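Those letters in the sequence shown? Residues 324 to 461, per the working numbering, in order.
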Amino acid sequence: MNRIQNSIKGWWAAMLLVVTMVMPQNATAQTKKIGTIDELKAFIEAVNNNVKTNEQFNAQLTADIDATELGNDVVIGTKENPYQGTFDGKNYTITVNINMSENDNIGLFGYIRNATIENLVVSGTITGKSNVGALVGY
């Protein structure tokens, strides 16, 4: 009986090791709460200046945010650093004023990859050359 129990214990330890190794690092990414213009700006900078490949940035809005003062700097995700993660707007609104008429792939989220964006209202003005959307450019 002890031999069987030891085999089972060893099997579970191996399974835990395999699961730990297979799970992506970002599976435990914490969710950032965003409720002010400063918190939104810090989130945008973290995403757009990310140096880690495939890092996820999960976020939840906790209030409506008027981001018109950020102008074109409100775009989340660049070609080099697309937004990855889950962004839950919790039915709050981000108001923007983006005027990038010479640029492609413009929206509150400029570029995304492996992303979920839900329950978010975007209002304001967004101008771009092509691939322009209120929510996502590309």
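A virtual CB, placed ideally from N, CA and C, is assigned to each residue, including glycine. Quick caveat, the model's predicted, so the values are computed rather than measured.
Grab the span of the alpha helix (DSSP H) containing residue i for me, first residue to last.
i      : result
Ala390 : Counting along the chain, Ala390 falls outside any alpha helix (DSSP H), and DSSP gives it neither H nor E.
Val370 : 360-371
Can you say whether residue i is buried or exposed, counting buried as having 16 or more other CB atoms within 10 angstroms of its CB?
i      : result
Val374 : exposed
Ala382 : buried
Gly394 : exposed
Ala365 : exposed
Gln353 : exposed
Ala390 : buried
Asn437 : exposed
Asn372 : exposed
From which residue to which residue does the beta strand (DSSP E) around residue i run?
i      : result
Glu441 : 435-451
Asn422 : 406-423
Ala457 : Careful: Ala457 lies outside any beta strand (DSSP E) and carries neither H nor E.
Ile357 : 354-357
Leu384 : 381-384
Under 8 angstroms by Cβ, that's how I've got residue i and residue j pegged, so tell me the actual separation to the nearest angstrom.
i      : j      : result
Ile435 : Val459 : 6 angstroms
Ile429 : Val398 : 7 angstroms
Asn404 : Val370 : 6 angstroms
Please work out which residues of its chain come closer than 6 angstroms, Cβ to Cβ, to residue i, disregarding the five sequence neighbours upstream and downstream, and give them in chain order.
i      : result
Asn442 : Asp411, Gly412, Lys413, Asn414
Thr409 : Asn381, Thr439
Phe432 : Ile399, Gly400, Tyr406, Val459
Thr416 : Asp387, Val444, Ser446
Asn422 : Thr450
Tyr461 : Asn428, Tyr434, Asn454
Gln379 : Asn349, Ala352, Gln407, Gly408
Beta-carbon within less than 7 angstroms of residue i's beta-carbon, same chain only, minus the 5 sequence neighbours each way: which residues are those?
i      : result
Ser453 : Asp427
Lys402 : Tyr434
Between which residues of its own chain and residue i is the CB-CB distance below 8 angstroms, once the five residues before and five after are set aside?
i      : result
Glu425 : Lys452
Ile357 : Leu363, Phe366, Ala382, Gln383, Leu384, Thr385, Ile388
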